[in-house]
Structure formats: C-alpha cells, structure tokens
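As structure tokens, the structure follows; a few thoughts come after it.
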Amino acid sequence: GDSVTQTEGLVTLTEGLPVMLNCTYQTIYSNPFLFWYVQHLNESPRLLLKSFTDNKRTEHQGFHATLHKSSSSFHLQKSSAQLSDSALYYCALTGNMGYKLTFGTGTSLLVDP
Amino acid sequence: GGIITQTPKFLIGQEGQKLTLKCQQNFNHDTMYWYRQDSGKGLRLIYYSITENDLQKGDLSEGYDASREKKSSFSLTVTSAQKNEMAVFLCASSMGFANTEVFFGKGTRLTVV
C-alpha cells in the first residue's frame, strides 16, 4: 500500500532561520496527490498546501514545496521561521485509491526566539 | 463553510468495554474518515466511507467497527477497550476527490483505565 516517511520527529530552530521538513513517499500510483497539513496546539489539522504536478513549486502562507516524482519527495520549506510556525506538520498522500489519504508520522517544529 | 462535531470530547472507559464515538458534519460531504492520532505515530486511518452505507477498512481497523448511518454522520465503536490505551480519535470529511481538502473535527480523547 501507500506510505509516507517523515524522518524528523522534532525540528528545533531559531526564529529567522530557514525551515526544511522532509517527506518522501511510496505508491504504485503514477499520479499521486501530495499534501502538507499543519496542526497547532489544541487545534485540528488543516491543509497547508497540496500538489500533483511534477517539478512545480506550490506556495501558501510563506511555505513552499515542490513535488519531485523522480525522487518521490515533497519537502516543505520556508525561508525564515516565525515563532507562530511552531506546530506539528504532516505530509500526506492520496495514491492509488483517490479517497484514501495516508499520513506520515509527523514532524514537530519548534521555533525559539 | 461547515463544521464537524465530535461527541464526546473526552471518553473514559474501562478495560473490555465497548465504546462508541460519534461524528456529524454539515459540509454535505460524501466521504468521511476516522483517524487515530498517537504521539510519534501520526494519523492512522481506521475506517472511511465513500458514501452513505459504504464502509472501507483502513490500516488500523482491527478492534474497531464503524457505521455510516446517513450522509452527515459516521460512528466509530471500540469493540473492546484496551487497558492503558490513550489516544485521540479524529473524524474528518471531504468531497471525496483525490485533490480535495480533508476537514477535521476537534477530536475525542479516549482514556482506558
């Protein structure tokens, strides 16, 4: 079946530094949809950005990601971290079953002043 | 906009007890989901339902039953609660197409004593 791998459980960095959260995936589906969801403390996960176009940069709320099918990756980046970016970030995939959304284990981002 | 309402917010059960979690959505979405959230394990799909009266097993369906009574509601039953189990159960819904956003409820926090 489909799977999503997020290698970092916790990322801690100082405000103003760049953010990069890793996401790789496995699916037999040739045209998967990839998503990043963000969950702030005591809130529900909500969609941050999504993509299905190979090698095209997708941006939203200062974050960006590019789907690279050649490496099965969809890393999340931001040029300058803010304190308010501290949250749990999930990478997710819709692969061969369009209805089934598979999530990774999540990366907690902690931004210090 | 719409809202997903999960009841109860907190559920304390005893080992071996059958426990039911309820979810209502007013988005008029066709597809609904139940996810389990554990720290370090991400969001794992228990059951999903593409339309009324449909049920599909996710990756973590063992030990659970589900029921899609009508389009707007989706229930999850823990068939036999495990001692020391603690998790958050998230209900979600979407239009059902592969590239559409999944919306989440605020969750039911389960504790088994």
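For the protein sequence lines, the chains are C and Y, in the order given. With the working numbering, the residue at position 86 of the first sequence is 86, and numbering never jumps. If you count the second sequence from 1, you need to add 1000 to reach the working numbering. Note that beta-carbon positions come from the ideal geometry of N, C-alpha and C, so glycine has one too.
- Residues of chain C whose Cβ lies closer than 7 Å to the Cβ of glycine 1002(Y) do not exist; the shortest such Cβ separation is about 13 Å.
- The closest CA to that of alanine 1081(Y), considering only Gln1024(Y), Arg1036(Y), Cys1091(Y) and Leu1110(Y), is found on Leu1110(Y).
- In the DSSP assignment, the residues bridged to histidine 60(C) are Phe63(C).
- Residues of the region 16-31 of chain C that bring their beta carbon within less than 8 Å of a beta carbon in chain Y are absent altogether.
- A direct Cα-to-Cα measurement between glycine 1042(Y) and glycine 1063(Y) gives close to 19 Å.
- Restricted to the region 1025-1079 of chain Y, the beta strand (DSSP E) segments that are unbroken, complete and at least 3 residues in length are 1031-1038, 1042-1049, 1064-1070 and 1073-1078, listed in chain order.
- Following the DSSP letters along the chain, one finds leucine 48(C) inside the beta strand (DSSP E) bounded by residues 46-51.
- Leucine 83(C) carries a helical assignment under DSSP once its states are collapsed to helix, strand and coil.
- Taken through DSSP and simplified to helix, strand or coil, phenylalanine 1103(Y) comes out as strand.
- Look at the beta carbons and you see the region 97-108 of chain C touching the region 1042-1060 of chain Y: at least three pairs across the two are nearer than 8 Å.
- Scanning Leu76(C), Asn55(C) and Glu43(C) for the CA closest to the CA of glycine 62(C) turns up Leu76(C).
- Close CB contacts of aspartate 2(C) within its chain, under the 6 Å cut and outside five residues either way in sequence, are with Thr27, Leu93, Gly95 and Thr102 (chain order).
- Taking C-beta atoms under 8 Å as the contact rule, leucine 1060(Y) and arginine 1036(Y) qualify, at a distance of about 6 Å.
- For glutamate 1101(Y), at least one C-beta of chain C is nearer than 8 Å to its own C-beta.
- A straight line joining the alpha-carbon of histidine 68(C) with that of threonine 1100(Y) spans about 20 Å.
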